[in-house]
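Here the UniProt record's numbering is used: the first residue of the sequence shown is 1, the next is one more, and so on. Written below as structure tokens is the structure these notes are about.
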Amino acid sequence: MSILFAALALFILYLTQRTLYMRIWDRDLNAAVTYSCETAVEGEDAALVEVVVNNKKLPLPALTVKFQTSRKLLFHDSQNSAVTDLYYRSDIFSLGSREKITRTLPFTCTHRGYYTITQMALTCTDLLYIEKFSKLQDNFTQLYVYPRYVDIRRLLIPFNQLYGSLLTRRRFMEDPFEFRGIREYQPFDPMRSINWKAYARTQELKVNIYENTASQEVCIYLDLENFGYANHYDIMEENIRLAATFSDMFIAKGIPVSLKTNGCDCTSALPVCVDGGTGAGHQTRMLQSLARIDLELPVKHLSFTLREALAKGGQPPCMIFISNYCRDDLTDTLKDIFSGNEGCCLICTGHKDMFEGFNLPAEIAEKTLMWEVEHID
Numbered sequence: 001m002s003i004l005f006a007a008l009a010l011f012i013l014y015l016t017q018r019t020l021y022m023r024i025w026d027r028d029l030n031a032a033v034t035y036s037c038e039t040a041v042e043g044e045d046a047a048l049v050e051v052v053v054n055n056k057k058l059p060l061p062a063l064t065v066k067f068q069t070s071r072k073l074l075f076h077d078s079q080n081s082a083v084t085d086l087y088y089r090s091d092i093f094s095l096g097s098r099e100k101i102t103r104t105l106p107f108t109c110t111h112r113g114y115y116t117i118t119q120m121a122l123t124c125t126d127l128l129y130i131e132k133f134s135k136l137q138d139n140f141t142q143l144y145v146y147p148r149y150v151d152i153r154r155l156l157i158p159f160n161q162l163y164g165s166l167l168t169r170r171r172f173m174e175d176p177f178e179f180r181g182i183r184e185y186q187p188f189d190p191m192r193s194i195n196w197k198a199y200a201r202t203q204e205l206k207v208n209i210y211e212n213t214a215s216q217e218v219c220i221y222l223d224l225e226n227f228g229y230a231n232h233y234d235i236m237e238e239n240i241r242l243a244a245t246f247s248d249m250f251i252a253k254g255i256p257v258s259l260k261t262n263g264c265d266c267t268s269a270l271p272v273c274v275d276g277g278t279g280a281g282h283q284t285r286m287l288q289s290l291a292r293i294d295l296e297l298p299v300k301h302l303s304f305t306l307r308e309a310l311a312k313g314g315q316p317p318c319m320i321f322i323s324n325y326c327r328d329d330l331t332d333t334l335k336d337i338f339s340g341n342e343g344c345c346l347i348c349t350g351h352k353d354m355f356e357g358f359n360l361p362a363e364i365a366e367k368t369l370m371w372e373v374e375h376i377d
């Protein structure tokens, strides 16, 4: 009889704790997975931080946290993980009452990209490890991995040529937001330039003078169409690095830079386009746009984009074309653009063997830099 009562007591205890866990296991339970930083550069190290807080008296003997992210992030600790098309992670936490646990998972950013974690799965057992309770939880965290810059010493010749072209084309005009001083009124000065406060003090007409500003812009045309039958992702990535480097070099000189490419954004599947601008904030926008380019998405010929731009007119004084695709449809369009325009440059990328027997029209060849990309085994 005592055995029967003991069994009954154990059964009641099991039902009680089962009901208790089923109702409140996730009450006052906070779990989050976040990247340790919002931005990094390819090749740098970063980390993923797991934080689990059990803010109630009921202990959680085995809480499993599952999430997935890109396989292009190389985690240093491969335990509790599986890598297929994505990186899948499953970590187990044992939390007492009102306990917080933090774990840091370091990784290396092996590829440029835009990485997010939008959801996580939580699974908890009861006190006897018999029943399991699960739920999905929203968890948004993002990481931009910017393209690294190339060796700028290899770009100094085309950069100096283009920068010199901009300086010779510079058209100065007054910037009404940059006040420089006051001078005597001259008969050719417009009435709106008179400083009436200075006139009230001196009883002589004075006019405002302003700093000069330059109307100039560099437009980077980034071609991400594959040339040949094989997918040369290493060349495409180098094209993106070149665009990032050129943008940084010109923005450092205070010259506005815009970007047009047939590469598509991973979030919208539309071609990336960044309007002209300058300053550190604009370079950040450029790098974020370049990071979000997905080379797996289909692209259209850059020549179509160029023809549309030519039809609209108003081309910027300086244009940089970065491409490894040099078929007739593109070179014919470039000949029209390069003709009589000193502010143009083509960076032709490829492996060494791809340049053998490679010929460009004379109008383009003299303004072209052949950029060799090393094979990646």
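From the three backbone atoms N, C-alpha and C, an ideal C-beta is built for every residue, glycine too. Every value quoted in this text rests on a predicted model; they were computed, and no experiment measured them.
8 angstroms Cβ cutoff met for residue i and residue j
i    : j    : result
F75  : Y87  : yes
G343 : P317 : yes
L95  : V52  : yes
A46  : F140 : no
N17  : L127 : The question names Asn, but residue 17 is Gln in the sequence shown. Going by C-beta atoms, Q17 is nearer than 8 angstroms to L127.
L297 : A269 : yes
D265 : I240 : no
F133 : Y21  : yes
I364 : V218 : no
C345 : K367 : yes
K66  : G113 : no
V207 : I194 : yes
Y115 : T69  : yes
P61  : T19  : no
V41  : M120 : no
G256 : Q216 : According to the sequence provided, residue 256 is Pro. The question's Gly does not apply to it. Yes, Cβ-Cβ distance for P256 and Q216 is below 8 angstroms.
M249 : I152 : yes
Where residue i sits in the DSSP three-state scheme
i    : result
D353 : helix
P298 : coil
K137 : It is Gln, not Lys, that sits at residue 137 in the sequence shown. Here Q137 sits in strand by DSSP.
T102 : strand
Q17  : helix
F5   : helix
P61  : strand
N341 : coil
I24  : helix
G281 : helix
F358 : coil
R112 : coil
Q79  : coil
P271 : strand
Y35  : strand
L70  : According to the sequence displayed, residue 70 carries Ser and not Leu. Correct three-state label for S70: coil.
F172 : Residue confidence is low: F172 scores 48 on pLDDT, short of 50, so the model does not pin down where it sits. Its coordinate-derived value is still stated next. Residue state, collapsed to three classes: strand.
D223 : coil
L122 : strand
N160 : helix
Separation of residue j from residue i, as counted between CA atoms
i           : j    : result
residue 378 : T118 : Residue 378 cannot be examined here, being either before or after the span of the chain that is shown, 1 to 377.
T102        : E50  : 6 angstroms
H301        : C326 : 11 angstroms
L162        : E184 : 39 angstroms
N359        : M370 : 11 angstroms
R27         : R98  : 12 angstroms
P59         : W25  : 9 angstroms
N341        : L48  : 49 angstroms
L63         : C37  : 26 angstroms
I3          : L13  : 15 angstroms
A7          : K57  : 27 angstroms
A214        : I322 : Legend: pLDDT at A214 = 48, less than 50; position of this residue unreliable, value from coordinates given subsequently. Their Cα atoms are separated by approximately 26 angstroms.
S247        : D85  : 33 angstroms
C109        : S339 : 42 angstroms
R201        : I337 : 56 angstroms
A198        : M191 : 14 angstroms
M354        : N160 : 27 angstroms
Q79         : Y35  : 19 angstroms
C273        : H351 : 27 angstroms
L15         : A82  : 36 angstroms
G164        : D77  : 51 angstroms
T331        : L143 : 37 angstroms
F11         : F5   : 10 angstroms
E211        : I182 : At E211, the pLDDT of 48 sits below 50, so the modelled position is not reliable and the matter cannot be decided from this model.
Q186        : W196 : 15 angstroms
D189        : A311 : 39 angstroms
CB-CB length for residue i against residue j, believed under 8 angstroms
i    : j    : result
G254 : T278 : 6 angstroms
L224 : N262 : 6 angstroms
R244 : L290 : The sequence as given places Ala at residue 244; Arg does not occur at that position. That pair is a contact at about 6 angstroms.
V145 : D234 : With 8 angstroms as the limit, V145 and D234 do not qualify as a contact, their Cβ atoms being about 16 angstroms apart.
Q137 : A31  : 7 angstroms
L306 : M286 : Actually they are not in contact, since the Cβ atoms of L306 and M286 sit about 20 angstroms apart, beyond 8 angstroms.
G43  : R148 : 6 angstroms
- Task: Jot down the residue ranges of each uninterrupted beta strand (DSSP E) in the stretch 236–260, minimum 3 residues, whole runs only, in chain order.
- Result: none
- Starting from the N-terminal side, write out each stretch of the alpha helix (DSSP H) that is 4 residues or longer and does not extend beyond the stretch 186–211. 196–202
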